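Protein chains in written order, with the working numbering: chain A, -9 to 405; chain B, -9 to 405.
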């Protein structure tokens, strides 16, 4: 007798075999049917969501988390619209990336194919349930979804609607499988399903991601922690620097591509800092700086060593003074999380040096780090932002949910 | 105080930062210098290798392993030649895969960059030491090499020669770091260096690979186990089938792309099997078949369920009879290891169906599975053959040792 997770992965595997055979038209038909079903089932979904929200309030969960958990007609309409957008995207599956003929006549090509079974472990945003399913299904994969226990009723309701649409369209209902036992034991078991799950993508806070990396035997794509820096070079356009910093820090606080730390060249800090501080203070941002920064502004409080490595996800920013671009690069490469880093400069050589030497998924010149996003990058979708170097790095669109296989056509070749 | 592995990874990281800045000409100069040094130091290397071979004989290690362990002037010359070939290859680092301008004017490009620190865990083939270093160095990475304890003197000697050449060329000697403590504890620690090692590539038997997958928090690329099948379809050219099977089984026995199992359509088995058995028996291959196969030839002994899942790496092959291509595909997808599978057929639809539905790194029509190899595929090098789906699948050339980063050029863009 297999375990609960074994049963789920067996079903997902069988569904994935069928999904891989589906044409783009069939997948798009399925996505549109699911979108329609979500809207037509919104009353049921909202009722179930209300149970989760009620329970969360009773447990005294903080308001920002309750906001993430709460669904509304608008949010369900957005989920449906997201699926329609996924339907409208090009299908990456089946693309032959190249084909060459070898001297012995073998024709060797590399073709994009689905990964198979994609596992996603996330927290209490029920909209991820529909979104992750849509991206996995469009790429011919089966999805095993393990959401947070706080969202279990909402997730069950969404999955019920998705399965209803799949059934009507004569597609396998096992293309979406919800891990309904949200215990830690079952999550741990999911991480050990090497061979049953092809990739595990954790979406959530740093603790969740670290736990998956530590315990998984399934290949993991790490996503999302961003201790992002903006470096104001000696030659920066100060007004541009201030605008970009204001945007990158304050346009949205709790996101991984928000700026958490400022690095400023000592040759420009006296002139630049007042403008930057003025803009940040207008948004009530707490500014924690090193000695030289503190000396320049009464609005800056002293930073500690811990600040340099902290992703605040809040209205706080740190300020570090450096005497050279090399010092800036060394500081950033020491403390960053491999997400997004930006230099503000007019200097050609410093722009290239920063892009060459900073080790991160996205390295910017004269732009806000907030652009690191699948939609902003033009992918039309995003399953997460990879901060690791294997398989996918940076915003992940549909292609990140595919692998390749070599297809070889011969006429009797032997070695 | 950091541990031994922490010290090694810190040194490797610092070396990797420098390696990433090297131009192709510098890297090629280094590779050629190392090649020369290996040859000029061959006496020292052979003396040290003799100690390992002696010890292995005393321990009663089997002859095939002693053959792998043993170096000779010819093998050292081959190692040097391998490095010269790597020098002659195109450098993948720095290639911009695409660059597009977004509606807001941001120019977003994706650039190929080194992975950073590559860890390789292997068994007792000392030639892997020079080869793995060469591939990692060409791609701007630092290499941490953990070879088998049986080859420690040989590996130390090779690494000494490599470091000597690096020193002469004023390159960091930490670009190659040998784990000289070959205890299991230190290997275990190496697998936990998440953040210090960017990727771990195990090269060796199934047990080694399973151990690394099970215990590593560092992203792993699984390589090399191959339970490869050849399916003889009802419409096959029987002479071609027999030739390909003879080649795939017997041209080299102990390799991962050798054929381990034959699947034959019942409509052709009576005619095809005698020819196939004749060719295999001429090479003294033991043939283990299902009931229908056994009934057709006195040279076939009964197979057990265990045979279908076994990678023999020996002069043994299994034979399974099927009544349809669907049954063949289901059998292969159940028992294969995701390496290489081939169909012998004249039927257009069956050829495409097999390529579409078989889940493996390389899927062949009318050719030997023995071609799954970086050199045969035209990559000019091979760090291993990936049997997983993330990052790289199939033979891995230099590109598999790189990642990408997004480079974004703006002129003040904010969200």
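Every residue, glycine too, gets a C-beta built ideally from N, C-alpha and C. Quick caveat: nothing in here was measured; it's all calculated off a predicted structure.
Review point. What residues in the segment 343 to 368 of chain A have a beta carbon less than 9 Å from any beta carbon of chain B?
Key: 345, 346, 347, 348, 349, 350, 351, 352, 353, 354, 355, 356, 357, 358, 360, 361, 362, 363, 366, 367, 368
Point to revise | Length-filtered (4 minimum) alpha helix (DSSP H) runs lying within the segment 119 to 162 of chain A | key: 142 to 158
Exercise for review: At 9 Å on the CB atoms, spell out the chain B contacts of residue 384 of chain A, in chain order.
Suggested key: 100, 394, 395, 396
**Study point:** Contact list for the segment 11 to 22 of chain B against chain A, Cβ threshold 9 Å
**Key:** Taking 9 Å as the Cβ-Cβ cut-off against chain A, the residues of the segment 11 to 22 of chain B that qualify are 11.
Check your understanding: Looking at residue 123 of chain B and residue 66 of chain B, is the spacing between their C-beta atoms short of 7 Å?
Key -> Against a cut-off of 7 Å, the Cβ pair of residue 123 of chain B and residue 66 of chain B comes out as no contact.
Review point. Touching or not, the segment 114 to 121 of chain B and the segment 4 to 22 of chain B, by the rule of three or more beta carbon pairs under 8 Å?
Key: no
Exercise for review: Please classify residue 338 of chain A: does DSSP put it in a helix, a strand, or coil?
Suggested key: DSSP places residue 338 of chain A in helix when its eight states are reduced to three.
Review point. Buried or exposed: residue 478 of chain B, going by 16 or more other Cβ atoms within 10 Å of its Cβ?
Key: Coverage of chain B is limited to positions -9 through 405, which leaves residue 478 of chain B absent and any answer about it impossible.
Check your understanding: residue 392 of chain A to residue 104 of chain A, Cα distance in whole Å?
Key -> Residue 104 of chain A has its alpha-carbon roughly 5 Å from the corresponding atom of residue 392 of chain A.
Check your understanding: What is the residue span of the alpha helix (DSSP H) that residue 14 of chain B lies within?
Key -> 14 to 30
Exercise for review: With a 10 Å radius around its C-beta and 16 neighbouring C-beta atoms as the bar for buried, classify residue 291 of chain A as buried or exposed.
Suggested key: exposed
Exercise for review: Identify the contact partners of residue 83 of chain B in chain A, using a Cβ-Cβ distance below 9 Å as the criterion.
Suggested key: The premise fails here: residue 83 of chain B is roughly 11 Å from chain A at the closest Cβ pair, so nothing lies under 9 Å.
Review point. Given that residue 381 of chain B touches chain A, what residues does it touch there, using C-beta distances under 7 Å?
Key: 380, 381
Check your understanding: Should residue 419 of chain B be flagged as near chain A, meaning a C-beta pair shorter than 7 Å?
Key -> What is shown of chain B runs -9 to 405, which leaves residue 419 of chain B out entirely.
Check your understanding: So which residues on chain B does residue 207 of chain A lean against when the C-beta distance must stay under 8 Å?
Key -> 203, 204
Check your understanding: Can you name the residues of chain A whose CB is closer than 8 Å to the CB of residue 189 of chain B?
Key -> 379, 380
Exercise for review: Compute the beta-carbon to beta-carbon distance between residue 223 of chain A and residue 319 of chain A, rounded to the nearest angstrom, for a pair I have assumed lies under 8 Å.
Suggested key: Actually they do not touch by this definition, with Cβ atoms about 11 Å apart.
Review point. How many whole angstroms separate the CB atoms of residue 348 of chain A and residue 323 of chain A, which I take to be in contact at a CB cut-off of 8 Å?
Key: Indeed, because the Cβ distance is near 7 Å, the residues count as touching under 8 Å.
Review point. CA-CA distance, residue -1 of chain B and residue 56 of chain B?
Key: Spanning the two alpha carbons is a distance of roughly 31 Å.
Practice item. Would you identify the three-state DSSP class for residue 321 of chain A, choosing helix, strand or coil? Key: helix
Check your understanding: Using a Cβ-Cβ cut-off of 7 Å (strictly less than) and excluding sequence neighbours within five positions of residue 394 of chain B, which residues of its own chain qualify?
Key -> 87, 100, 101, 102, 103
Exercise for review: Mind checking the segment 263 to 289 of chain B against chain A and listing, in chain order, the residues whose C-beta falls within less than 7 Å of any C-beta there?
Suggested key: Contact annotation: in the segment 263 to 289 of chain B, no residue has its CB less than 7 Å from a CB in chain A.
Practice item. Reducing DSSP to helix, strand and coil, say where residue 82 of chain A ends up. Key: coil
Review point. Hey, which unbroken runs of the alpha helix (DSSP H) at 4 residues or more fall wholly within the segment 51 to 114 of chain B?
Key: 53 to 59, 63 to 78
Point to revise | Cβ of residue 233 of chain B within 7 Å of any chain A Cβ | key: Chain A, which has a Cβ nearer than 7 Å to the Cβ of residue 233 of chain B, makes this yes.
Practice item. Taking only beta carbons into account, state which residues of the segment 240 to 251 of chain A come closer than 7 Å to chain B, listed in chain order. Key: 241
Check your understanding: Assuming residue 230 of chain A contacts residue 356 of chain A under a Cβ cut-off of 8 Å, what Cβ separation, rounded to an integer in Å, is found between them?
Key -> For residue 230 of chain A against residue 356 of chain A, the beta-carbon gap comes to about 7 Å, under 8 Å, which counts as contact.
Point to revise | Beta-carbon neighbours of residue 401 of chain B, restricted to chain A and to distances below 7 Å | key: 356
Practice item. For the segment 170 to 185 of chain A, enumerate the residues whose C-beta is nearer than 7 Å to any C-beta of chain B, in chain order. Key: 184
Practice item. Within the same chain, show all residues whose beta-carbon is closer than 6 Å to that of residue 207 of chain A, passing over the 5 residues directly before and after it, in chain order. Key: Excluding its 5 nearest sequence neighbours in each direction, residue 207 of chain A has C-beta neighbours in its own chain below 6 Å: 182, 184, listed in chain order.
Check your understanding: Using a beta-carbon distance cut-off of less than 8 Å, what residues from the segment 212 to 231 of chain A approach chain B?
Key -> 227, 230
Review point. Does the beta-carbon distance from residue 107 of chain A to residue 188 of chain A come in below 7 Å?
Key: yes
Check your understanding: CB-CB under 8 Å to residue 54 of chain A, same chain, minus the five flanking residues each way: which ones, in chain order?
Key -> 244
**Study point:** Cα-Cα separation, residue 85 of chain B to residue 397 of chain A
**Key:** 25 Å
Review point. Given residue 125 of chain A, which residues of its chain have a CB within under 7 Å of its CB, disregarding the five upstream and five downstream residues?
Key: Within the same chain, residue 125 of chain A has close Cβ partners 76, 371, 373, 388, 391.
Check your understanding: For residue 373 of chain B, does the three-state DSSP call read helix, strand or coil?
Key -> Residue state for residue 373 of chain B is assigned as coil, using DSSP reduced to three classes.
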